[in-house]
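Chemist: Numbering-wise (the working numbering), the sequence shown opens with residue 1 and increments by one. Ideal placement from N, C-alpha and C gives every residue a C-beta, glycine not left out. A quick note: this is a predicted structure, and the numbers were derived from the prediction, not measured.
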Amino acid sequence: MSADSSHPGPAIQGRQSRRDFLKVGAAGLAGASLAAPVAAQLPGLRSATPRELQDLVGDGRRRRILLKGGVVLSLDPRVGDFEKADVLIEGKKISAVRPNISAPNAQVIDATNRIVMPGFVDTHRHMWQGFLRNVLPDGSLEDYRNVVQRTFGAKMVPDDVYAADLISALGAIDSGVTCILDWSHIQNSPAHSDACIKGLQESGVRAVFAYGAGQNENGRVMEIPTAKYPGDIGRLRKQYFSSDDQLVTLYLAALGGTPEATLSQFKAAREVGARITIHVGVGEFGRNALLEKLDAEKGLKDDTTYIHCCTLNDTEWKLIRDTGGTVSIASYVETLMGHGNPPVQKAIDTGIRPSLSVDVETSVPNDFFTQMRTVFSLQKNEVWARRLAGDKNPPKFLTVREVLEFATIEGARANGLDKKIGSLTPGKDADVIMLRTDTLNVMPMNNAVGAVVTSMTAHNVDTVLIAGKIMKQNGRLVGVDMNRIARLGREAQARNYKNANVPDKRV
Ligand SMILES: [Zn+2]
1 MSADSSHPGP
11 AIQGRQSRRD
21 FLKVGAAGLA
31 GASLAAPVAA
41 QLPGLRSATP
51 RELQDLVGDG
61 RRRRILLKGG
71 VVLSLDPRVG
81 DFEKADVLIE
91 GKKISAVRPN
101 ISAPNAQVID
111 ATNRIVMPGF
121 VDTHRHMWQG
131 FLRNVLPDGS
141 LEDYRNVVQR
151 TFGAKMVPDD
161 VYAADLISAL
171 GAIDSGVTCI
181 LDWSHIQNSP
191 AHSDACIKGL
201 QESGVRAVFA
211 YGAGQNENGR
221 VMEIPTAKYP
231 GDIGRLRKQY
241 FSSDDQLVTL
251 YLAALGGTPE
261 ATLSQFKAAR
271 EVGARITIHV
281 GVGEFGRNAL
291 LEKLDAEKGL
301 KDDTTYIHCC
311 TLNDTEWKLI
321 RDTGGTVSIA
331 SYVETLMGHG
341 NPPVQKAIDT
351 GIRPSLSVDV
361 ETSVPNDFFT
371 QMRTVFSLQK
381 NEVWARRLAG
391 DKNPPKFLTV
401 REVLEFATIE
411 GARANGLDKK
421 IGSLTPGKDA
431 DVIMLRTDTL
441 NVMPMNNAVG
451 AVVTSMTAHN
461 VDTVLIAGKI
471 MKQNGRLVGV
481 DMNRIARLGR
491 EAQARNYKNA
501 NVPDKRV
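#1: Is A30 buried or exposed, if buried means 16 or more other CB atoms sit within 10 Å of its CB?
#2: In chain order, which continuous runs of the beta strand (DSSP E) of length 3 or greater are located wholly inside the stretch 209–254?
#3: Going by beta carbon distance, what residues of the same chain come within less than 8 Å of K472, once the five residues before and after it are set aside?
#4: Are three or more beta carbon pairs between the stretch 122–132 and the stretch 77–93 nearer than 8 Å?
#5: Going by other Cβ atoms of all chains shown within 10 Å of its Cβ, with 16 needed for buried, is R133 buried or exposed?
#6: Below 6 Å, is the gap between the Cβ of D76 and the nearest heavy atom of ligand 1?
#7: From the DSSP output, in three-state form, read off T463 for me.
#8: Kindly examine ligand 1 and report whether one of its heavy atoms sits closer than 6 Å to the Cβ of D359.
#9: Mind checking who G70 pairs with in its DSSP beta bridge?
#10: Do three or more CB pairs link the stretch 425–434 to the stretch 133–151 at distances below 8 Å?
#11: Using 10 angstroms around the beta-carbon of Q265, count the other beta-carbons present and answer buried if the total reaches 16, otherwise exposed.
#12: Could you tell me the alpha carbon to alpha carbon distance between K301 and S74, rounded to whole angstroms?
#13: Just checking my contact of V177 with G119 at CB under 8 Å: how many whole Å lie between their CB atoms?
#14: Grouping DSSP H, G and I as helix and E and B as strand, with all else coil, what is F511?
#15: Within 10 angstroms of the Cβ of N393, are there 16 or more other Cβ atoms? Answer buried if so, exposed if not.
#16: What does the alpha-carbon distance come out to for the pair H459 and M445?
#17: What are the start and end residues of each continuous alpha helix (DSSP H) run of 4 or more residues lying completely inside the stretch 310–374, in chain order?
#18: Consult DSSP for H126 and reduce its assignment to one of helix, strand or coil.
#19: Ends of the alpha helix (DSSP H) at G158?
#20: Less than 7 Å between C-beta atoms, sequence neighbours within five positions excluded: which residues of the same chain meet that for W183?
#21: Is the closest heavy atom of ligand 2 to the C-beta of Y306 under 6 Å?
#22: Suppose the cutoff is 7 Å on Cβ atoms and the five residues either side in sequence are ignored; what does the same chain contact list for R387 look like?
#23: Restricting to Cα atoms, I'd like to know which of G416, Q215, T362, Q149 is closest to L181.
#24: If you measure between the beta carbons of T425 and D76, is that distance less than 7 Å?
#25: For M434, report the span of its beta strand (DSSP E) as first-last.
#26: Can you tell me the Cα-Cα spacing of Q201 and L166, whole angstroms?
#27: Tell me, which residues are paired with V184 by DSSP?
#28: Using only alpha-carbon positions, find the residue among N313, V360, D322 that is nearest to T335.
#29: Kindly list the residues whose CB is nearer than 7 Å to the CB of E382, restricted to its own chain and excluding five residues on each side of it in sequence; keep chain order.
#30: Use the C-beta contact count for M222: other C-beta atoms within 10 angstroms, 16 or more gives buried, fewer gives exposed.
#31: What residue from T457, V121, A448, T437 has the CA that sits closest to A511's CA?
#32: Provide the residue span of the beta strand (DSSP E) that contains V97, from first to last.
#33: What three-state label does DSSP hand K392 in the structure shown?
#34: Look up R270 in the DSSP assignment and say whether it is helix, strand or coil.
#35: Rounded to the nearest angstrom, what separates R495 and V72 at their Cα positions?
#36: Taking 6 Å as the limit between beta carbons, can you name the residues of its chain near N499, skipping five residues before and five after?
What follows is the structure, given as structure tokens:
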């Protein structure tokens, strides 16, 4: 992304004088060379970083953006929904959500024929596969291990994972995913970690970098000589994540394995105050009662997200609930690849509200509309099947609103960010999307939540803001040099195919 990515562009409508426009443009230029002259105008803010300066207009006031006249789904019951209302953003944060807000000097973005809602939150995606999209459309989990992990992954160099993370992140933003957990098990060296973090930071997405192990040809990844997993998490905490009040935060992606190995990974995370994410309950192997064994050693806490959970036993489900853990269901890939039945109903029965995740773009589309529709249809199908089988006390049907909550606020909770994002609540960071309702797949709109969950695609994602910064507007990413991104993708792809000795063919 080029340095002027926060520039609002000429398309912003409304009551903005040319003078204000120029001020905002100057503040939006994040280059370090501009930091000094702009800071000089800011009494008391001389040490502000370039990123902090992006929230300010030239005279030191916080930048204000008013999203005007949209259908607002706040996803916060205390705020409610509105047929027509405004969302005021000041600097990084949402400052008001209500009808008829008057905000002099704000940039006004017309939200007519738009649904305004919090951005989607993905709780598990292996973003190092960003240039391997659709490489394995017909594969099982075993094929995935052999092709994606042990063939392509084993040969990835830092430049490859930088390109992959950047492409995956920009694709997420483009489809309305404003926060994403990068489950990054490609850490064959510290340079790989640096490259992934660089890609995430450059994209402007809100991300959780979940530091994982590496990849090699035989799958015994703890034997990779250059990998420093999990110990390098200490360096990462110091070098990149000394504060949690930043756009990219830190988790540990636990490899699992024996209870002893898993506990030592958990310990490495907790020593540096990083939350944990781990795949459990996957296929036959997932019936190993790992969570019971970890619990026996008091290893389960409320800092952990459990992914898939398809073949966990009932005791393990209760342990997740009773220890305050969160759950990520990647239902689409689970149905494709043999993880086991996506445990949507199981989670609900246990009293756990799951979050959603794309997992692998090698087989799965990168948007959240697919994720929402998959959990919705799976849960309803399960209830219908039980009714047809004569069940006199079947579970309730999931509603589209519940699915939308899974895709937003529950994602924020699993990513450790529910105090900051996941709903349009005044005081939270402004991670906001505007979805078009005047397109041929939705118009004329009858039910706002229904439109999002049942009818829309990434094509409807019109405007995206992350921490108050405009990332996409009028259907186009702002400040992204697409030629450069495409070139980075092609170069990484060609290099990785060559290093992995895979014939470079498309059909
Ligand atoms: Zn995964």
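Modeler: Taking the coordinates as given:
#1: By 1-based counting over the sequence shown, the position of residue 30 is 30. Note that A30 scores a pLDDT of 33, beneath 50, so its modelled location is shaky; the value from the coordinates is reported in the next line. It counts as buried.
#2: 248–254
#3: Taking the sequence shown and counting its residues from 1, one reaches residue 472 at position 472. Closer than 8 Å at the Cβ level, and outside the excluded window around K472, lie I173, D174, V461, D462, T463, V464, V478.
#4: no
#5: Taking the sequence shown and counting its residues from 1, one reaches residue 133 at position 133. Classification for R133: buried.
#6: Locating residue 76 in the sequence shown gives position 76, counting from the first residue. Incorrect: D76 has no Cβ contact closer than 6 Å to ligand 1.
#7: The residue given as residue 463 occupies position 463 in the sequence shown. Here T463 sits in strand by DSSP.
#8: Reading the sequence shown from its first residue, position 359 is the one you call residue 359. Yes, ligand 1 has a heavy atom inside 6 Å of this Cβ.
#9: Reading the sequence shown from its first residue, position 70 is the one you call residue 70. The partner list for G70 (beta bridge, DSSP) reads A85.
#10: no
#11: Against the sequence shown, residue 265 aligns to sequence position 265. That one is buried.
#12: For the purposes of this step, residue 301 is taken as residue 301 along the sequence shown, with counting starting at 1. For the purposes of this step, residue 74 is taken as residue 74 along the sequence shown, with counting starting at 1. Answer to the nearest angstrom: the Cα atoms are 30 Å apart.
#13: Here residue 177 corresponds to residue number 177 of the sequence shown, with the count starting at 1. Here residue 119 corresponds to residue number 119 of the sequence shown, with the count starting at 1. Correct: roughly 7 Å between the Cβ atoms.
#14: Absent from the model: residue 511. The displayed extent of the chain is 1 to 507, so no value can be given.
#15: For the purposes of this step, residue 393 is taken as the residue at position 393 of the sequence shown. Per the 10 Å Cβ criterion, exposed.
#16: Position 459 of the sequence shown, counted from the start, is the residue given in the question as residue 459. Position 445 of the sequence shown, counted from the start, is the residue given in the question as residue 445. Roughly 16 Å separates the two Cα atoms.
#17: If we require 4 residues or more, the alpha helix (DSSP H) runs fully inside the stretch 310–374 come out as 314–322, 331–337, 344–350.
#18: Sequence index remark: in the sequence shown, residue 126 carries index 126 (1-based). Looking at H126 - three-state DSSP - the assignment turns out to be coil, as it is neither helix nor strand.
#19: Residue mapping note: residue 158 aligns to position 158 of the sequence shown, counting from 1. At residue 158 the sequence reads Pro, which differs from the Gly that was named. Per DSSP, P158 belongs to the alpha helix (DSSP H) from 158–174.
#20: On the sequence shown, residue 183 is found 183 positions in, with the first residue counted as 1. Hits under 7 Å: H124, R125, H126, A210, G212, A253, T277.
#21: By its list of ligands, the structure shown excludes ligand 2, since it contains just ligand 1.
#22: Translated into the one-based positions of the sequence shown, residue 387 becomes position 387. Excluding residues within five positions, the ones whose Cβ falls inside 7 Å are P394.
#23: Here the question's residue 181 lines up with position 181 in the sequence shown. With respect to the C-alpha of L181, the residue from G416, Q215, T362, Q149 having the closest C-alpha is G416.
#24: For the purposes of this step, residue 425 is identified with residue 425 of the sequence shown, where counting begins at 1. For the purposes of this step, residue 76 is identified with residue 76 of the sequence shown, where counting begins at 1. By the CB criterion at 7 Å, T425 and D76 fall inside the cutoff.
#25: Residue numbering aside, residue 434 sits at position 434 when the sequence shown is read from its first letter. Its beta strand (DSSP E) spans residues 432–436.
#26: Position 201 of the sequence shown holds residue 201. Position 166 of the sequence shown holds residue 166. C-alpha separation (whole angstroms): 8 Å.
#27: In the sequence shown, the residue the question calls residue 184 occupies position 184. The amino acid occupying residue 184 in the given sequence is Ser; Val does not appear at that position. S184 pairs with Y211.
#28: By one-based count along the sequence shown, residue 335 stands at place 335. Measuring from the Cα of T335, the nearest candidate turns out to be V360.
#29: Translated into positions along the sequence shown, residue 382 becomes position 382. Closer than 7 Å at Cβ, skipping near neighbours: Q345.
#30: One-based indexing of the sequence shown puts residue 222 at position 222. Answer is exposed; the Cβ neighbour count stays below 16.
#31: This structure cannot speak to residue 511, because the chain is shown only from 1 to 507.
#32: Taking the sequence shown and counting its residues from 1, one reaches residue 97 at position 97. From DSSP, the beta strand (DSSP E) with V97 extends over 93–98.
#33: For the purposes of this step, residue 392 is identified with residue 392 of the sequence shown, where counting begins at 1. Of the three classes helix, strand and coil, the one that applies to K392 here is coil, per DSSP.
#34: Along the sequence shown, one-based indexing puts residue 270 at 270. Helix at R270.
#35: Taking the sequence shown and counting its residues from 1, the one referred to as residue 495 is at position 495. Taking the sequence shown and counting its residues from 1, the one referred to as residue 72 is at position 72. Spanning the two alpha carbons is a distance of roughly 46 Å.
#36: As a working note, residue 499 is residue 499 in the sequence shown. If we look at N499 and ignore the five residues flanking it on each side, its Cβ neighbours are K155.
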